[in-house]
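Residue numbers (the working numbering), protein chains in the order written: chain A, 1 to 179; chain B, 1 to 191.
The C-beta atom is built at its ideal place from N, Cα and C for all residues, glycine as well.
First comes the structure, then the notes that go with it.
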Amino acid sequence: MATENKGYSWTSIVLHWLVAVMVIGLFASGFWMVDLSYYSSWYRTAPFWHKSVGVLLLALMLYRLLFRVIKGTAEPLSSHSKAIQRASHVTHLTLYGLVFLIICSGYLISTADGRPIEVFGLFNLPSAGELFAEQADRAGLVHEFAAYGLIALAVLHAAAALKHHFFDKDNTLKRMLKP
Amino acid sequence: MKKLLIAGLLTSMLAAPALQAADYEIDTQGAHAFIQFKISHLGYSWLYGRFNTFTGNFSYDAAKLTDAKIQLEIDTKSIDSNHAERDKHLRSPDFLNVDKHSKATFVSTKIVPKAGADFDVVGNFTLNGVTKEVVINATKLGEGADPWGGYRAGFAGTTSINLEDFAIKNILGPASATVHLDLTVEGIKKS
Numbered sequence: 001m002a003t004e005n006k007g008y009s010w011t012s013i014v015l016h017w018l019v020a021v022m023v024i025g026l027f028a029s030g031f032w033m034v035d036l037s038y039y040s041s042w043y044r045t046a047p048f049w050h051k052s053v054g055v056l057l058l059a060l061m062l063y064r065l066l067f068r069v070i071k072g073t074a075e076p077l078s079s080h081s082k083a084i085q086r087a088s089h090v091t092h093l094t095l096y097g098l099v100f101l102i103i104c105s106g107y108l109i110s111t112a113d114g115r116p117i118e119v120f121g122l123f124n125l126p127s128a129g130e131l132f133a134e135q136a137d138r139a140g141l142v143h144e145f146a147a148y149g150l151i152a153l154a155v156l157h158a159a160a161a162l163k164h165h166f167f168d169k170d171n172t173l174k175r176m177l178k179p
Numbered sequence: 001m002k003k004l005l006i007a008g009l010l011t012s013m014l015a016a017p018a019l020q021a022a023d024y025e026i027d028t029q030g031a032h033a034f035i036q037f038k039i040s041h042l043g044y045s046w047l048y049g050r051f052n053t054f055t056g057n058f059s060y061d062a063a064k065l066t067d068a069k070i071q072l073e074i075d076t077k078s079i080d081s082n083h084a085e086r087d088k089h090l091r092s093p094d095f096l097n098v099d100k101h102s103k104a105t106f107v108s109t110k111i112v113p114k115a116g117a118d119f120d121v122v123g124n125f126t127l128n129g130v131t132k133e134v135v136i137n138a139t140k141l142g143e144g145a146d147p148w149g150g151y152r153a154g155f156a157g158t159t160s161i162n163l164e165d166f167a168i169k170n171i172l173g174p175a176s177a178t179v180h181l182d183l184t185v186e187g188i189k190k191s
């Protein structure tokens, strides 16, 4: 490779890994907490933290999106074929879309009856009211299946990064670790 | 004398329909009927809720109480405990499993008169796909012409059911094994 394409900034890298950790944590906590027994000491606290971190993730994702729109993102590696470049781009956008879809549907479950979402005990995110019938149930289904979809796609995303690193021996993974 | 006879005849003619069991449609349209429940929360307090959507009818004649009949069909999805997240849980397979059992029904089989306006309504209650006999302790509240040209009769009743009898696992603790149902139905006589 003669010329190195524009890579990721520290901001992008930190945001990427922070979001990765939060998404995995939210998925794991969500998967676990729906089956908690009523007498578990986590029955009330787990959803509280899940929702609070979810709202924090929304703020981070909005900042990330704004950053990406204003500053642009890394250029694809020129060693990648056009098909790979396109597939990566579509995957990245779908990951973004699914994260927003999951956050929005989560918000709609908890606010379906007009109650706000308490965020870290610091402030309340107000409800927009019941926007459609059977809101909590329908939003709940979207939340659940979009989360499975996101994790499946994230596994593919990680597998692709590892494939590029170990088999193609290119910079795909390394440039997401250091600018 | 003749006048009195005619008057008597007219009166009995007017009164006659009341001696036949009349059919009533429960006034869910005007929401003058309620199916509410309460269940203990941790043994410390009550949680109240209701079913917003149901239909029903009864036939009733004050002179022949034992001939009375009532049936109710409840849309289990309409459970409302004033908390969307809780209602979502109550609709799930943990409780009412509404995707599989969208209706709960009550069909009376026998009326047992008691003192005064009180009586028992024995019937089959189907919930979560399980049918059990339950007894509703009922009382007549009143009947008469309404201001809009109709005729109404109203009843109240209470009964208790055990969740586990209807294949609903009690995950709420020993104090919450029983659900207390409180029904008030007002029927409009069908013409």
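query                                                                                                                : result
Pick from Leu-93(A), Ile-117(A) and Gly-129(A) that is closest to Val-69(A), judged by C-alpha positions             : Leu-93(A)
Host alpha helix (DSSP H) of Leu-108(A) (start-end)                                                                  : 82-110
Inter-residue Cα distance where the pair is Val-121(B) and Glu-85(B)                                                 : 34 Å
Exposure of Gln-29(B), with buried meaning 16 or more beta-carbon neighbours within 10 Å                             : exposed
Best match in Val-185(B), Leu-181(B) and Glu-186(B) for proximity to Leu-47(B) [C-alpha to C-alpha]                  : Leu-181(B)
Alpha-carbon spacing of Gln-135(A) relative to Ala-112(A), whole angstroms                                           : 6 Å
Cβ pair Asp-67(B), Lys-103(B) closer than 8 Å                                                                        : no
Separation of Ile-79(B) from Ala-18(B), as counted between CA atoms                                                  : Caution is warranted here: a pLDDT of 48 is assigned to Ala-18(B), below 50, making its placement in the model unreliable, and the coordinate value is therefore given only provisionally. Taking the straight line from one Cα to the other gives about 36 Å.
Chain-ordered neighbours of Gly-140(A) on chain B, where CB pairs are closer than 7 Å                                : Lys-88
Under 8 Å from the C-beta of Ala-115(B): neighbouring residues of chain A                                            : Going along chain A, no residue has its Cβ under 8 Å from Ala-115(B), so there is no contact; the nearest lies around 41 Å.
Boundaries of the alpha helix (DSSP H) in which Trp-17(A) is found, first to last residue                            : 10-33
Beta strand (DSSP E) runs contained entirely in the region 88-149 of chain B, provided each spans 3 or more residues : 103-113, 118-127 and 130-145
Alpha-carbon to alpha-carbon, Asp-61(B) and Ser-37(A)                                                                : 49 Å
Chain B residues whose Cβ lies nearer than 7 Å to that of Ala-112(A)                                                 : Ala-84
Which of helix, strand or coil DSSP assigns to Phe-120(A)                                                            : coil
Any C-beta of chain B under 8 Å from that of Arg-147(A)                                                              : Residue identity check: residue 147(A) is Ala in the sequence provided, not Arg. No, no contact with chain B.
Assigned secondary structure, Ala-18(B) (DSSP; H/G/I helix, E/B strand, else coil)                                   : At Ala-18(B) the pLDDT is 48, less than 50, meaning the model places this residue with poor confidence and gives no usable figure here.
DSSP state of Gln-135(A) mapped onto helix, strand, coil                                                             : helix
Own chain, CB closer than 7 Å to Val-14(A), minus 5 neighbours either side, in chain order                           : none
Phe-167(A): first and last residue of the uninterrupted alpha helix (DSSP H) it sits in                              : Careful: Phe-167(A) lies outside any alpha helix (DSSP H) and carries neither H nor E.
Integer-rounded CB distance, given that Ala-147(A) should sit under 8 Å from Ile-102(A)                              : 5 Å
Residue of Met-22(A), Leu-95(A) and Ala-74(A) minimising C-alpha distance to Leu-60(A)                               : Met-22(A)
Contact list for Asp-137(A) against chain B, beta-carbon separation under 8 Å                                        : Lys-88 and Arg-91
Three-pair Cβ contact test at 8 Å for the region 128-140 of chain B versus the region 155-172 of chain B             : yes
C-alpha gap between Gly-150(B) and Asp-87(B), whole angstroms                                                        : 36 Å
8 Å Cβ shell around Val-119(A) - same chain, five flanking residues per side excluded                                : Lys-51, Ser-52, Val-55, Leu-56 and Leu-125
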